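Below is one structure, written out as structure tokens; the observations come after it.
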Amino acid sequence: MSQLKKGVILSYSTIFLTNIVGLVLTPFIIRQLGQSEYGLYILLGSLVGYISLLDFGLNNTIVRFVAKYRANNDLNGQKNFLATIFIIYISISILTLIIGGIAYLNIENIFSQSLTTDEMYKAKILMLLLVFNLSISLPGGAFTGICNGYEKFVYPRVVNIIRYIVRSLLVFFILFHGGKAISLVVIDTVLNITIIVVDAYYVIKILKVKIKLIELDKKLIKTIFSYSIWIFVFAMIGELFWKSGQMILGITISTDAVAIYAVGIVLSGYFGAFAGAINSVFLPKATFMVEQLSTRAELTEMMIKIGRIVSVILIFIWGAFLLFGKQFILLWVGETYTDSYLITLIIMTAYILPLVQNFANSIIEATGRFKFKAIVYFFTISTGIFLGAYFSQFYGYWAIAWCYSIFWFISQLIMNWYFDKKLNINIKVFFIQTFGKLLIALILSLIVGYFLNIIIGEGWGNFILKSVLYSIIYSLLAYYIVLNDFEKKQLLPSKFFK
15 MSQLKKGVIL
25 SYSTIFLTNI
35 VGLVLTPFII
45 RQLGQSEYGL
55 YILLGSLVGY
65 ISLLDFGLNN
75 TIVRFVAKYR
85 ANNDLNGQKN
95 FLATIFIIYI
105 SISILTLIIG
115 GIAYLNIENI
125 FSQSLTTDEM
135 YKAKILMLLL
145 VFNLSISLPG
155 GAFTGICNGY
165 EKFVYPRVVN
175 IIRYIVRSLL
185 VFFILFHGGK
195 AISLVVIDTV
205 LNITIIVVDA
215 YYVIKILKVK
225 IKLIELDKKL
235 IKTIFSYSIW
245 IFVFAMIGEL
255 FWKSGQMILG
265 ITISTDAVAI
275 YAVGIVLSGY
285 FGAFAGAINS
295 VFLPKATFMV
305 EQLSTRAELT
315 EMMIKIGRIV
325 SVILIFIWGA
335 FLLFGKQFIL
345 LWVGETYTDS
355 YLITLIIMTA
365 YILPLVQNFA
375 NSIIEATGRF
385 KFKAIVYFFT
395 ISTGIFLGAY
405 FSQFYGYWAI
415 AWCYSIFWFI
425 SQLIMNWYFD
435 KKLNINIKVF
445 FIQTFGKLLI
455 ALILSLIVGY
465 FLNIIIGEGW
475 GNFILKSVLY
485 SIIYSLLAYY
495 IVLNDFEKKQ
505 LLPSKFFK
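Per my numbering, the sequence shown runs over residues 15 to 512.
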């Protein structure tokens, strides 16, 4: 079995583990911390998330350049590139500490209207721990990038599974014995340091990767940043999209509003993770195809293959949440979070197309054409954030969810034009092959699912029964209507990922 297929399988194992544990652990965390402190924990995580943008997209840069050096068998170039990257990362870590220190000194000014005295005290401690955590995590992430560039997808995913299990057990134990938000950040910091040490050993001793500064090549540094700067801009917009809503609500409304909105963001993140399991392993593949000068037909065929798998999975989840999501929210976190259902559904709907077409993003990265996408997203998402912030004064988190999602969808429509005209991908064929029959299966399954909701009951047993019946119906419809003969026979075979 290839590393690529193992990587996808392990990614899905991680997703199922994180989703199941997360669904159990999240309401426990909310109950133990209380809605206000949980909101504070999310709020400070969002603030520090902006500082994490100082990565400047270097992790993706590592994957792309390592894959390129290996394709060209340029070991000396790779040694020098990696040494240069770590020098840059050390500089970024120092800058992270400086910016984090400035944010710490101004935290009272930022949240003076929304945090109590006790919350402000906790916020300062959380800020210090999170910034330190980030300063070591940024350079540590380079080792994962190297693994992915070497197409060693198994090791980092196994480590992630082990890390998540250990973290979950520690979180439960600490909170059960009275720990609070600060304890959670301490757990994450200790685990991060441990994982970085283990990753470094694997890369240097097992993969035998050499890191040596042959020369501090200014041209190389310029090339690195000319590639990564646009990934950085895109990452900045992504960070704003996912976390600015919490920041806006935390500043203008309350930590309670942050908590309700955050549940929608968490569930949308789980939704995206199902596609990310497949999409995350394809940048090296895309780089190889570009280096081999693949044709329009070959690129389109690969995008359709990946898109069909991702779309069948995502449409299943979207349909299930549309039908039974409100009941799930009530059972999972309680009536207080009822509004999280529609928030999640709005964001999920806008998320489908970008996730299904993610292979095109890998092609963009592999060809070094990220500038156009970064600019498009900068203007569209920024507009959505600005309008969301303004209208949130009147409509709260509804304004943020709708404005963000509408402009995200607009940005993806623009990108479809770019995929077709500039990347040489036949978008018309892609849509027909990916969504044509799938929409029929979706409509039929939703009709049946509507009648399933008539089943009387409100508890977990009722929810599970309806979910299982819906899953069976959707699977049968997808098998007989959507999947082609190749997919029926092989589903996820190793040669599918060759």
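Each residue gets a CB set at the ideal place from its N, CA and C atoms; glycine is no exception.
The structure presented is a predicted model; accordingly, all values stated were derived computationally and were not measured.
Between Ala156 and Ile76, the C-beta gap is smaller than 7 Å, which places the two residues in contact. The Cβ atoms of Ile360 and Ser396 do not sit closer than 7 Å to each other.
Excluding sequence positions up to five before and after Tyr83, its CB lies within less than 7 Å of the CB of Gly91, Gln92 and Phe95, all in the same chain and listed in chain order. Excluding the 5 residues flanking it on each side, Phe330 has same chain C-beta neighbours closer than 7 Å at Tyr488, in chain order.
The three-state reading of DSSP puts Glu165 in coil, since its state is none of H, G, I, E or B. Here the segment 33-49 lies against the segment 178-187, with 3 or more beta-carbon pairs under 8 Å apart.
Contact check for Phe444 and Thr314: beta-carbon distance about 6 Å, within the 8 Å limit, so the pair qualifies.
Its Cα nearest to that of Asn206, the residue Leu152 stands out among Ala455, Asp231, Leu152 and Gly450. With contacts defined as CB atoms closer than 7 Å, Ala137 and Ile112 fail to qualify as a contacting pair.
Residues Phe477 of the same chain have their beta carbon placed closer than 6 Å to that of Gln341, with the five preceding and five following residues left out of the count.
Of all alpha-carbon atoms in Tyr484, Tyr164 and Lys435, the one lying nearest the alpha-carbon of Phe338 is that of Tyr484. Three or more Cβ pairs closer than 8 Å define a contact, and the segment 188-202 falls short of that threshold against the segment 154-170. Taking C-beta atoms as the reference points, Ser354 and Gly264 fail to come closer than 7 Å. Selection Ala334, Ile228 and Ile378 evaluated against Ile461 yields Ala334 as nearest (Cα-Cα). Tyr275 is positioned such that its CB atom lies closer than 7 Å to that of Tyr411. According to the DSSP assignment, Tyr493 belongs to no alpha helix (DSSP H), since it is labelled neither H nor E. A direct Cα-to-Cα measurement between Val347 and Glu51 gives close to 15 Å.
Taking C-beta atoms as the reference points, Ala413 and Gly402 count as a pair closer than 7 Å. One thing to note: Ile357 has its Cβ within 7 Å of the Cβ of Ala415.
Between Lys451 and Ile469, the CB-CB gap reaches or exceeds 7 Å. With fewer than 16 other CB atoms across the displayed protein chains lying within 10 angstroms of its CB, Leu453 is exposed.
With distances taken between CA atoms, Asn440 lies nearest to Met317 out of Tyr494, Lys222 and Met317. The residues Thr269, Asp270, Ala273 and Thr350, in chain order, have a CB closer than 8 Å to that of Gln49 in the same chain once the five nearest residues on each side in sequence are set aside.
Taking a C-beta distance under 7 Å as the contact criterion, Ala97 and Lys257 do not qualify as a contact pair.
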